[in-house]
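Input: a single structure, listed below in structure tokens.
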Amino acid sequence: MELLLDGFATALTPTNLLFAVIGVLLGTAVGVLPGIGPAMTVALLLPVTYNVSPSSALIMFAGIYYGGMYGGSTTSILLNTPGESSSVVTALEGNKMAKKGRAAQALATAAIGSFIAGTIGTVLLVVLAPNIADLVVTLGAPSYFAIMVLALFAVTAVLGSSKLRGFVALFLGLAIGLVGTSTGQARMTFGEAKLADGIDIVIVAVAIFAIGEALWVAAHLRRKPLEIIPVGQPWMSRSDWRRSWMPWLRGTAYGFPFGALPAGGAEVPTFLSYITERRLSKHPEEFGHGAIEGVAGPEAANNASAAGTLVPLLAIGLPTTATAAVILVAMQNYGLQPGPQFLDANPELVWALLASLFIANTLLLLINLPLAPVWAKLLQIPRPYLYAGILFFASLGAYSVNFDAFDLALLGVLGLLGLAMRRFGLPVLPLVIGVILGPLLELQLTQALAISQGDVSTLWSEPVAVAVYIVMALLLIGTIVAGRRTGTPSSELEDEKQEVSA
Amino acid sequence: MTTDITPEARESSRGKIVDTAQYGLAAFLLVVGVLVLVDAAGLKDGFADQPVQPYTFGYVIGSVLVLLSVLLTVATYRGDVAEAEGGEDVDLTQGSDWATVAKLGAVFVVVVLTISWLGWAIVGAFLFVGTARVLGSRRLILDIAIGTALGLLTWYGFYVGLGIPIPAGVLDGVL
């Protein structure tokens, strides 16, 4: 508690507060732009946080993160076009509300629900992360290895509709992760000295997220302008409040645990929250025509899951969503390595980060509720300028890593890969996680076997490792069984997704 | 890569839809897999303190990529069709416009080739103007004005605002 107060003291200096405000404004402004989800927002804005002190950078970053999340729900509600899968459910009822002239109320319940879920989620994070980190410190390399294999497996096989495509993406990512000389010999560098340090993950992330998306959109650019609904003043009636507060809390209860699990993600809890609210609502007839509960619950679940994602990220160094993967990259760029030793090694930074999550969350509410109509105007940027701008800033982001034309060439090649992935329906997340975790996996395996002097049985010598392998086996069986049965929840979710995009 | 991608899924003689372009993806996986395997085969044994040989991961990843290539070929032959990704500005009801992508690629190649010589301020402006025009903007003066402003602002933003010495290229001494 005292540590957290110290964190607030660091985060609340006027300079840092200014960075937080700038972060929230930038994050929302970029996140609101159509076609840009939270992961891409964070990836694009990474260079902005370089060269400020680590604590200021983290604080600004927390603002960008929450701003980007909120920006995503704004496009879902006003354009019926979710920027990523976790806001699909928000679009279901949110856009219907907007079409009935209740855009302002939908945005407000999303913002306040996100605030409440984010705050509760951050409290849970503050309580849990240090304890989990203490636990994780006692684990050896075999357990790490097992947990990382589980994360790779879960992200690939449990999420997403096509397992085959998930594994294709994962192994392409692992192949990219091979590049470099980390083992003492040059692997996959083709004699190119500039590849000796491996391919910078910032370039991979920006290429796959931003360039791939911009090229894919360029190939299918909508020739008609989208219809944008005016926002009006954000203001909720007493009945809106009464109908929102329970969904906010229930959504939080769904979102956080799922986010904290290595295979959780935000899709399942948002969908569970939607089903629950539809079942519990006193106005079930409104569902499908703009029920406020259907926005309040899933949005809270989405944000709580985002806070939950930070538990494995900070305590184990394990990213489980695309956004978390980019956050990990950002922290490594600040010279920080999240993981069990992270809390002990950098207590003042960690607590400043946790405090700034609270601050960013509060600022988000204070700034964005009144500014909602202004953000909605950003939706009207002419598309040629929007995508030219994305390509411009993505190139700047990649160029700023080393100021080397070679990186831009890599960006272009990987951007084409990102384009091809969208064409062939390959999920992006397994590739990015594969690039990040592949080398770590090799490192942990090396450490485990070095200690056991090459005895492979060490891999299942720790109880945690054994438990993780059992969980994996259960997941595998579950996936196969679910695949055999028709009408599983996941296929139901697919139907809903198709309705939204239709 | 782009040459492999044709949007049209062709109906085969047996009335199944076969996404022929997906064979291209399978071929790509095969090439990458074989590259990884060949690369792994060329590595020497590791040091005595390296229980995991440098080629171990390469062999595993390369083999799995080849296996996935085969599986994808079979799945494609059986009529498996990719679910192309939707999006806010994406209109999947029309065919794909690969000419636009090719033109964007051309702009990008010019950027890569000239950036060391001309510097970010000029090349960045060119990147914006070029891509905006390819994407359908028809107001050249406005495009150039916005592009120049963005190029200069980001250059000064990095150089002065963030203190990062971004190379000025040919404008060294002018900016």
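As you go down the protein sequences, you meet chains P and H in turn.
Remember, the numbering used here sits 49 above the position in the first sequence when you count from 1.
Remember, the numbering used here sits 249 above the position in the second sequence when you count from 1.
Beta carbons: idealized from backbone N, C-alpha and C, even for Gly.
As the structure is a prediction and not an experimental result, all values here were calculated from the model.
Can you list, in chain order, the residues of the region 303 to 321 of chain H whose Cβ is nearer than 7 Å to any Cβ on chain P?
For the region 303 to 321 of chain H, which is checked against every Cβ of chain P, the residues closer than 7 Å are P303, F306, G307, I310, V313, L314, L317, L320 and L321.
What does P:F473 reach in chain H if we use C-beta pairs closer than 7 Å?
One-based indexing of the first sequence puts residue 473 of chain P at position 424. From the beta-carbon of P:F473, the residues of chain H found nearer than 7 Å are Q271, L274 and A331.
Which residues does DSSP list as the beta-bridge partners of H:V221?
The structure shown does not extend to residue 221 of chain H, since chain H is modelled only from 250 to 424, so the question has no answer here.
Let me check understanding here. Comparing Cα to Cα, which of P:L362, P:Y434, P:G346 and P:G150 lies closest to P:P389?
By 1-based counting over the first sequence, the position of residue 389 of chain P is 340. Minimum Cα-Cα distance from P:P389 among the listed residues P:L362, P:Y434, P:G346 and P:G150 corresponds to P:L362.
Determine the direct distance from the alpha carbon of P:W294 to that of P:G162, and round the result to whole angstroms.
The sequence position of residue 162 of chain P within the first sequence is 113, counting from 1. The sequence position of residue 294 of chain P within the first sequence is 245, counting from 1. Whole-angstrom Cα-Cα distance: 8 Å.
Over what stretch of residues does the alpha helix (DSSP H) that includes H:T349 continue unbroken?
Taking the first residue of the second sequence as 1, we reach residue 349 of chain H at position 100. Following the DSSP letters along the chain, one finds H:T349 inside the alpha helix (DSSP H) bounded by residues W347 to V383.
Looking only at its own chain, which residues have a Cβ that is under 8 Å from the Cβ of P:S322, when we skip the five neighbours before and after it?
The residue labelled residue 322 of chain P in the question sits at position 273 within the first sequence. Correct list, in chain order: V138, P296, R299, G300, Y303, G304, G346, P347, A349 and A350.
P:Q493: first and last residue of the uninterrupted alpha helix (DSSP H) it sits in:
Here residue 493 of chain P refers to the residue found at position 444 when the first sequence is read from its first residue. Its alpha helix (DSSP H) spans residues V477 to I500.
For a contact defined as C-beta to C-beta under 7 Å, what are the partners of P:A499 on chain H?
Counting from one through the first sequence, the residue named residue 499 of chain P turns up at place 450. At a beta-carbon threshold of 7 Å, the residues of chain H lying near P:A499 are D298 and P300, ordered along the chain.
Hey, out of P:A409, P:Q496, P:L475 and P:D249, whose CA is closest to P:L457's CA?
Translated into the one-based positions of the first sequence, residue 457 of chain P becomes position 408. The shortest Cα separation from P:L457 among P:A409, P:Q496, P:L475 and P:D249 belongs to P:D249.
Is P:A458 close to chain H, meaning its C-beta is less than 7 Å from at least one C-beta of that chain?
Along the first sequence, one-based indexing puts residue 458 of chain P at 409. So yes, P:A458 belongs to the interface.
Please state the DSSP three-state secondary structure of P:A58.
Position 9 of the first sequence holds residue 58 of chain P. DSSP places P:A58 in the helix class (H, G or I) of the three-state scheme.
I need the DSSP call for P:G388, collapsed to helix, strand or coil.
Position 339 of the first sequence holds residue 388 of chain P. In this structure, P:G388 counts as coil in the three-state DSSP scheme.
Check each candidate in P:A140, P:L310, P:A159 and P:A224 and name the one with the smallest Cα separation from P:I196.
Translated into positions along the first sequence, residue 196 of chain P becomes position 147. Taking each of P:A140, P:L310, P:A159 and P:A224 in turn and checking the Cα distance to P:I196, the smallest one comes out for P:L310.
Going by alpha carbons, who is nearest to P:P191 out of P:L523, P:A469, P:P512 and P:A531?
As a position in the first sequence, residue 191 of chain P is number 142, starting the count at 1. Considering only alpha carbons, the answer is P:P512.
Contact the region 402 to 419 of chain P vs the region 106 to 122 of chain P: 3+ CB pairs below 8 Å
The region 402 to 419 of chain P vs the region 106 to 122 of chain P: in contact.
Is DSSP giving P:R299 helix, strand or coil here?
Here residue 299 of chain P refers to the residue found at position 250 when the first sequence is read from its first residue. Here P:R299 sits in helix by DSSP.
Proximity to H:I364 [Cα-Cα], best of P:T528, P:Q154 and P:A454:
In the second sequence, residue 364 of chain H corresponds to position 115, counting from 1. For H:I364, the closest of P:T528, P:Q154 and P:A454 by C-alpha to C-alpha distance is P:A454.
Please classify P:G474: does DSSP put it in a helix, a strand, or coil?
As a first step, residue 474 of chain P is located in the first sequence; it is residue number 425 there, counting from the start. Here P:G474 sits in coil by DSSP.
I'd like to know whether the C-beta of P:F216 is nearer than 7 Å to at least one C-beta of chain H.
On the first sequence, residue 216 of chain P is found 167 positions in, with the first residue counted as 1. Contact of P:F216 with chain H is assigned, a C-beta pair being separated by under 7 Å.
Partners in chain P for H:L389, counting only beta-carbon separations shorter than 8 Å
Numbered from 1 along the second sequence, position 140 holds the residue referred to as residue 389 of chain H. Within chain P, no C-beta atom comes less than 8 Å from the C-beta of H:L389; the nearest is roughly 12 Å away.
Paired residues, beta bridge with P:R236 - DSSP
Working through the first sequence from its first residue, we reach residue 236 of chain P at position 187. In the DSSP output, where bridge partners are listed per residue, P:R236 has P:G229.
Alpha carbon to alpha carbon, how far is P:L486 from P:S231?
Here residue 486 of chain P is taken as the residue at index 437 of the first sequence, counted from 1. Here residue 231 of chain P is taken as the residue at index 182 of the first sequence, counted from 1. Approximately 14 Å between the Cα atoms of the pair.
With a 10 Å radius around its C-beta and 16 neighbouring C-beta atoms as the bar for buried, classify P:Q493 as buried or exposed.
The sequence position of residue 493 of chain P within the first sequence is 444, counting from 1. By the neighbour-count rule (16 or more Cβ atoms within 10 Å), P:Q493 is buried.
7 Å Cβ cutoff, P:F220 in contact with chain H:
Counting from one through the first sequence, the residue named residue 220 of chain P turns up at place 171. Yes, because at least one Cβ of chain H sits closer than 7 Å to the Cβ of P:F220.
For the alpha helix (DSSP H) holding P:K145, just list the boundary residues, first then last.
To locate residue 145 of chain P, count along the first sequence from 1; it is residue 96. Residues V137 to M146.
At what residues does the alpha helix (DSSP H) containing P:N395 begin and finish?
Within the first sequence, the letter at position 346 stands for residue 395 of chain P. Where P:N395 is concerned, there is no enclosing alpha helix (DSSP H), given that its DSSP letter is neither H nor E.
At 7 Å on the CB atoms, spell out the chain P contacts of H:F357, in chain order.
One-based indexing of the second sequence puts residue 357 of chain H at position 108. In chain order: G461.
Between which residues of its own chain and H:T349 is the CB-CB distance below 8 Å, once the five residues before and five after are set aside?
Looking up residue 349 of chain H in the second sequence gives position 100. Cβ contact annotation for H:T349 (same chain, cutoff 8 Å, sequence separation greater than five): V383 and L384, in chain order.
Same chain, Cβ closer than 8 Å to P:L490, neighbours up to 5 away in sequence not counted
Here residue 490 of chain P refers to the residue found at position 441 when the first sequence is read from its first residue. Within the same chain, P:L490 has close Cβ partners F194, M197, V198 and L201.
Using a C-beta to C-beta distance shorter than 9 Å, which residues of chain P count as neighbours of H:F375?
Translated into positions along the second sequence, residue 375 of chain H becomes position 126. For H:F375, there are no neighbours in chain P by C-beta distance under 9 Å, as the nearest C-beta there is about 10 Å away.
Boundaries of the alpha helix (DSSP H) in which P:A111 is found, first to last residue
Along the first sequence, read from residue 1 onward, the residue named residue 111 of chain P stands at position 62. Boundaries of the alpha helix (DSSP H) around P:A111: P103 to L128.
Roughly how many angstroms separate the alpha carbons of P:G247 and P:N144, rounded to a whole number?
Taking the first residue of the first sequence as 1, we reach residue 247 of chain P at position 198. Taking the first residue of the first sequence as 1, we reach residue 144 of chain P at position 95. Approximately 44 Å between the Cα atoms of the pair.
Out of curiosity, what's the CA-to-CA distance linking H:A270 and H:F306?
Position 21 of the second sequence holds residue 270 of chain H. Position 57 of the second sequence holds residue 306 of chain H. So the two alpha carbons sit approximately 29 Å from each other.
At the 7 Å Cβ level, is P:T123 part of the contact set with chain H, yes or no?
Position 74 of the first sequence, counting from 1, holds the residue named residue 123 of chain P. Interface flag for P:T123 against chain H is unset, since no Cβ pair is found closer than 7 Å.
Using 8 Å as the cut-off, can you tell me whether the region 284 to 302 of chain H makes contact with the region 337 to 347 of chain H, which would need three or more C-beta pairs spanning the two stretches below that distance?
Not touching, per the Cβ criterion.
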